[in-house]
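>
In the working numbering, the protein residues as written are 1208 to 1391.
#1: By Cβ distance below 7 Å, which residues in the same chain neighbour residue 1247 in space, the five residues on each side in sequence not counted?
#2: So what does DSSP say about residue 1267, is it helix, strand or coil?
#3: With residue 1357 as the anchor, note down where its beta strand (DSSP E) starts and where it stops.
#4: Using the Cβ count rule (16 or more neighbours within 10 Å means buried), how would you classify residue 1254?
#5: Thinking C-beta only, is residue 1251 closer than 8 Å to residue 1358?
#6: Please classify residue 1298: is it buried, with 16 or more other beta-carbons within 10 angstroms of its beta-carbon, or exposed?
#7: Report the three-state DSSP secondary structure of residue 1314 (helix, strand or coil).
#8: Would the segment 1349 to 1369 count as touching the segment 1309 to 1329 if we require 3 or more Cβ pairs under 8 Å?
#9: Flag residue 1331 as yes when its Cβ comes closer than 7 Å to any non-hydrogen atom of the ligand ADP, and as no otherwise.
#10: Per the DSSP calculation, residue 1388 is bridged to which residue(s)?
#11: Within 10 angstroms of its Cβ, does residue 1199 collect 16 or more other Cβ (buried), or is it exposed?
#12: Per DSSP, what kind of secondary structure is residue 1338 in: helix, strand or coil?
#13: Under 8 Å: do the segment 1329 to 1338 and the segment 1289 to 1309 share three or more Cβ pairs, one atom per stretch?
#14: Does DSSP classify residue 1292 as helix, strand or coil?
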């Protein structure tokens, strides 16, 4: 019995789940920033009519996750951003459905607040498929999501995990890197 408890403890420690955190920047501002930030990514071809497909990763059983997803969808509809298409992607607690739930045309994964979820599941998928990860939860950027938002002096602050962004294929211009808080 002691071995089973020890084995389970080790497995839980290795999973590195991230507790849900707060989103500090309103969805409409986040979306406007993402739209602008993508224009500073040399890896994203921004020809006039190209649609950017954003998959919104959320947990149906976690109300905060659903609320933030709904707010982002409303902001997208209200903002008239015709070149951005949003696709909600429900992820189960273990994340084993994520791989099959993300359509091939998704170029950005927007990570909503998640309850006790291993972010490595999302970041390994994003890196293998060269999909940029974005979040409104600043702690997630420190945990491996490429791009996020925080607040500094009551103003939105762009956070970039440069190692993660490069692993996902992003090539941000120096202009963006100069105004963002870069996390190595």
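All residues carry an ideal CB built from backbone N, CA and C; glycine is no exception.
The answer reads as follows:
#1: On the chain shown, position 40 is the one that residue 1247 refers to. The residues are 1379, 1380, 1382 and 1383.
#2: Residue 1267 sits at position 60 when you count from the first residue of the chain shown. Three-state result, residue 1267: coil.
#3: One-based indexing of the chain shown puts residue 1357 at position 150. Start and end: 1354 to 1359.
#4: Taking the chain shown and counting its residues from 1, the one referred to as residue 1254 is at position 47. Any reading at residue 1254 needs caution, since the residue's pLDDT is 47, under 50, leaving its predicted position unreliable; the model's value is listed next. The Cβ neighbour count for residue 1254, taken over all protein chains shown within 10 Å, is under 16; the residue is labelled exposed.
#5: Within the chain shown, residue 1358 is the residue found at index 151, counting from 1. Within the chain shown, residue 1251 is the residue found at index 44, counting from 1. No, Cβ-Cβ distance for residue 1358 and residue 1251 is not below 8 Å.
#6: The sequence position of residue 1298 within the chain shown is 91, counting from 1. So residue 1298 ends up on the buried side.
#7: Position 107 of the chain shown holds residue 1314. Of the three classes helix, strand and coil, the one that applies to residue 1314 here is coil, per DSSP.
#8: These segments touch.
#9: With respect to the ligand ADP, the structure offers nothing, as it holds no ligand at all.
#10: On the chain shown, position 181 is the one that residue 1388 refers to. Answer by DSSP bridge pairing, in chain order: 1366.
#11: Since the first residue of the chain shown is 1208 and the last is 1391, residue 1199 is not available in this structure.
#12: One-based indexing of the chain shown puts residue 1338 at position 131. In the structure shown, residue 1338 sits in coil (DSSP, three-state: anything other than H, G, I, E or B).
#13: The segment 1329 to 1338 is in contact with the segment 1289 to 1309.
#14: Stepping through the chain shown from its first residue, residue 1292 is reached at position 85. If DSSP states are grouped into helix, strand and coil, residue 1292 belongs with the strands.
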